[in-house]
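Enquirer:
In mature numbering (1 follows the signal peptide of the UniProt record, and there is no 0), the protein residues as written are -21 to -1, 1 to 618.
1) Strictly by DSSP, which residues pair up with residue 77?
2) Nearest-angstrom Cα distance between residue 163 and residue 2?
3) If you reduce the DSSP assignment to three classes, tell me which class residue 295 lands in.
4) Using only CA atoms, which one of 361, 290, 340, 315 lies nearest to residue 309?
5) Spatial neighbours of residue 235 within its chain, please: CB distance less than 7 Å, with the 5 preceding and 5 following residues excluded, ordered by chain position.
6) Out of 218, 239, 241, 282, which one is the CA nearest neighbour of residue 254?
7) Residues bridged to residue 227 by DSSP?
8) Can you grab the Cα-Cα spacing for the pair residue 88 / residue 572, in whole Å?
9) Between which residues of its own chain and residue 565 is the CB-CB distance below 6 Å, once the five residues before and five after are set aside?
10) Quick check: the Cα distance between residue 103 and residue 66, rounded to an integer number of angstroms?
11) Assuming residue 137 and residue 70 are in contact, meaning their beta carbons sit under 8 Å apart, how far apart are those beta carbons, in whole angstroms?
12) Determine which residues share a DSSP beta bridge with residue 603 and list them.
13) Let me know the beta strand (DSSP E) ranges lying completely inside the stretch 418 to 474, each 3 residues or longer, listed in chain order.
14) With distances taken from CA atoms, which of 385, 155, 440, 290 is nearest residue 421?
15) Going along the chain, which residues of its own chain have a beta-carbon closer than 7 Å to the beta-carbon of residue 322, five neighbours each way excluded?
16) At which residues does the alpha helix (DSSP H) containing residue 325 begin and terminate?
17) For residue 43, count neighbouring Cβ atoms within 10 angstroms of its own Cβ and tell me buried if that reaches 16, exposed if not.
18) For residue 618, which residues from the same chain have a beta carbon less than 8 Å from its beta carbon, with the 5 sequence-adjacent residues on both sides left out?
19) Please name the residue in 615, 437, 116, 500 whose C-alpha comes closest to that of residue 82.
20) Distance check for residue 352 and residue 359, CA to CA, integer angstroms please.
21) Do the CB positions of residue 408 and residue 314 come within less than 7 Å of each other?
22) Would you call the stretch 268 to 286 and the stretch 337 to 349 in contact, with 3 or more CB pairs under 8 Å?
23) Does the Cβ-Cβ distance between residue 169 and residue 192 come in under 7 Å?
24) With residue 368 and residue 178 assumed to form a contact (beta carbons below 8 Å), what rounded beta-carbon distance in angstroms separates them?
25) Measuring straight from C-alpha to C-alpha, what distance separates residue 553 and residue 584?
26) Skipping 5 residues on each side, what residues in its chain have a beta carbon closer than 8 Å to that of residue 371?
27) What does the alpha-carbon distance come out to for the pair residue 220 and residue 134?
28) Based on the DSSP output, what are the partners of residue 110 in its beta bridges?
29) I want to know whether the stretch 393 to 405 touches the stretch 466 to 482 - three or more CB-CB distances under 8 Å.
30) Can you tell which of 267, 425, 480 has the C-alpha that lies nearest to the C-alpha of residue 248?
31) Just list the residues that DSSP pairs residue 540 with in beta bridges.
32) My assumption, with CB atoms under 8 Å, is that residue 128 sits in contact with residue 224. Please give the rounded CB distance.
33) Can you tell me where the beta strand (DSSP E) holding residue 479 begins and where it ends?
34) Consult DSSP for residue 356 and reduce its assignment to one of helix, strand or coil.
35) Please state whether DSSP places residue 90 in a helix, a strand or coil.
36) Would you call residue 556 buried or exposed, if buried means 16 or more other Cβ atoms sit within 10 Å of its Cβ?
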């Protein structure tokens, strides 16, 4: 009887708490019309700016779209732009609260403006009827979204309109998304994010941490949290102090560690909050994928710089990308993606637009968007990413017939995937691109570079401070220009199998014709392996055309076989016929020579054992040359 009463009481308490939770109003700006139905936008009382300067943009916190009030270049005064909701019913609300995500996307720290949230209980369009309930000056310029919370409890029991007002005094962009008006729960812990290395070497400890957001109105002081791989579960109690509206990062003391190559889906669950059931269990669990690898591939940080000749701050990105690619030629792959100028590649420009909201900007590994492409910032990102474990090595081969190339992009995997969603793609870039202009850069056909660093007033910028504004086309040479996408921005469908075992390889051939206007030696082939699940770049590799041609088997010596492959201590070179002297070199995937030996006076059928016990596990290329003809082949060393 006691158990029944206790259970009944607990159930009543739980239902009572759930009954207080109420989502009253939401808007994610995903509809076809903008402003959304029932909303309106207009100028402020000073009449400065554009009447409908709030627009729908593809820079969302979630979903596909967000709302943005963009840059306005006004001669006098401050542009004041209003975006107002439809009428919201708070007549049954308790402790009403507005939440929305906000960011300022202009990447220069010289900019920053004031934003206000206002409420009216009478009119949707009369300025004087609105009362300011919150005011902000964004500090997260170019660094992602901030969740803003506004107390609306003073309006419980009323009908209201909410206005988002941007005082655009400096030329920045304010973006908002995922607006919600709600009556919060007393106790509601939300598992916001789980952090765990995506890939790791076997027998290494990997810290699992998670972010807990207090979505309720009571402080959270304790959590029971577990993680499970489907076989084993590890639970722990944590003492915390998470105020309403705050987030705390918690580290689980049991690391993720496997002694063999494994593919796991790790689930993390909040089981109890403050020693009781959470008010809303629907936001208490998250899953993350985790793979151990037999070895790590070569990590190359993939930087896409969004730029344009019309963009006066974009020399910063050109200087930053040139520095990174020249300083780290083997572990940085860079592409300049042009917008609204004669070097624009429409498909690439549209694709990178999903990762940025202004210029200059960029994406790194397509995991991080709206990246400030300054030298210092790119260096910091590189330092954070270049030691990442990656489950693949990429190689690039090619055959050529005139200007026509058949490009082979190959991926060699070091882990198991039961349901992979990888795609191979190739990007063609060109250095030394030049063109003409009229010295004004007044249209998108000019190669003149607008340059806000001219004269040095905005600091030193790789020599641009000594050039004019715009920099005449005769003085401009553009590098890393993306000139072709093979397989599309998101990679070639069905280019990689869905089931992959450790040691498997996958390759795909792409066709490309070198433009007659291009210099072949200035062209680079960039191979990327994309995870189509989230669009991120798993691996990247770059080669010149000459380097790619040297990797493929060249017709001439067609009677050579190397075996076994993979090999461990020795690899056999079998000549079905030989006649003369042969040079054998082995290079690693960075192009470094690790073996160089000569065999003289070979004749007829020969089998040579080449010792490789001193080589580390990984992928290599063997080159054999008799002075007239050559043979190249990839092989794997397993330990």
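Even for Gly, the Cβ is constructed at its ideal location relative to N, Cα and C. Values in this document were obtained by computation on a predicted structure and should not be read as measured data.
Expert: Answer, in terms of the structure:
1) According to DSSP, which records beta bridges pairwise, residue 77 is partnered with 129, 160.
2) Distance between the alpha carbons of residue 163 and residue 2: 8 Å.
3) DSSP places residue 295 within a helical segment (H, G or I) once states are collapsed to three.
4) If you compare the alpha carbons of 361, 290, 340, 315 with that of residue 309, the shortest gap goes to 361.
5) Hits under 7 Å: 175, 185, 187, 245, 269.
6) Of 218, 239, 241, 282, the residue nearest in Cα terms is 218.
7) The partner list for residue 227 (beta bridge, DSSP) reads 191.
8) Note that residue 88 has pLDDT 46, beneath the 50 cutoff, so the model's placement of it is unreliable and the number below is only indicative. Taken atom to atom, the span from the alpha-carbon of residue 88 to that of residue 572 is near 46 Å.
9) So the list reads 573, 574, 599, 601, once near-sequence residues are dropped.
10) For the pair residue 103 and residue 66, the Cα-to-Cα distance works out to about 8 Å.
11) About 7 Å; that satisfies the 8 Å criterion.
12) Beta-bridge pairing links residue 603 to 563, 610.
13) If we require 3 residues or more, the beta strand (DSSP E) runs fully inside the stretch 418 to 474 come out as 460 to 465.
14) Selected option, being the one with the closest Cα: 290.
15) Cβ within range, chain order: 412, 457, 460.
16) The continuous alpha helix (DSSP H) containing residue 325 extends over residues 325 to 331.
17) Counting other Cβ atoms within 10 Å of its Cβ, residue 43 stays below 16 and is therefore classed as exposed.
18) Around residue 618: 547, 595, 596.
19) Checked all of 615, 437, 116, 500; the closest Cα to residue 82 is 116.
20) C-alpha separation (whole angstroms): 11 Å.
21) Their beta carbons are under 7 Å apart, which means residue 408 touches residue 314 by this criterion.
22) Judged by Cβ distances under 8 Å, the stretch 268 to 286 makes contact with the stretch 337 to 349, as three or more pairs qualify.
23) In this structure, residue 169 lies near residue 192, with their beta-carbon atoms less than 7 Å apart.
24) Correct: roughly 4 Å between the Cβ atoms.
25) Whole-angstrom Cα-Cα distance: 8 Å.
26) 276, 390, 391, 392, 393, 508, 517, 518.
27) Near 29 Å, if we compare the C-alpha coordinates of residue 134 and residue 220.
28) DSSP lists 98 as partners of residue 110.
29) The stretch 466 to 482 and the stretch 393 to 405 touch, with three or more beta-carbon pairs separated by less than 8 Å.
30) Closest by C-alpha distance to residue 248, out of 267, 425, 480, is 267.
31) Its beta-bridge partners are 553.
32) Right, their Cβ atoms sit about 5 Å apart.
33) Unbroken run through residue 479: none, as it is neither H nor E.
34) Correct three-state label for residue 356: helix.
35) Any reading at residue 90 must be qualified, since the residue scores a pLDDT of 49, below 50, and its modelled position is unreliable; no value is offered.
36) With fewer than 16 other Cβ atoms within 10 Å, it is exposed.
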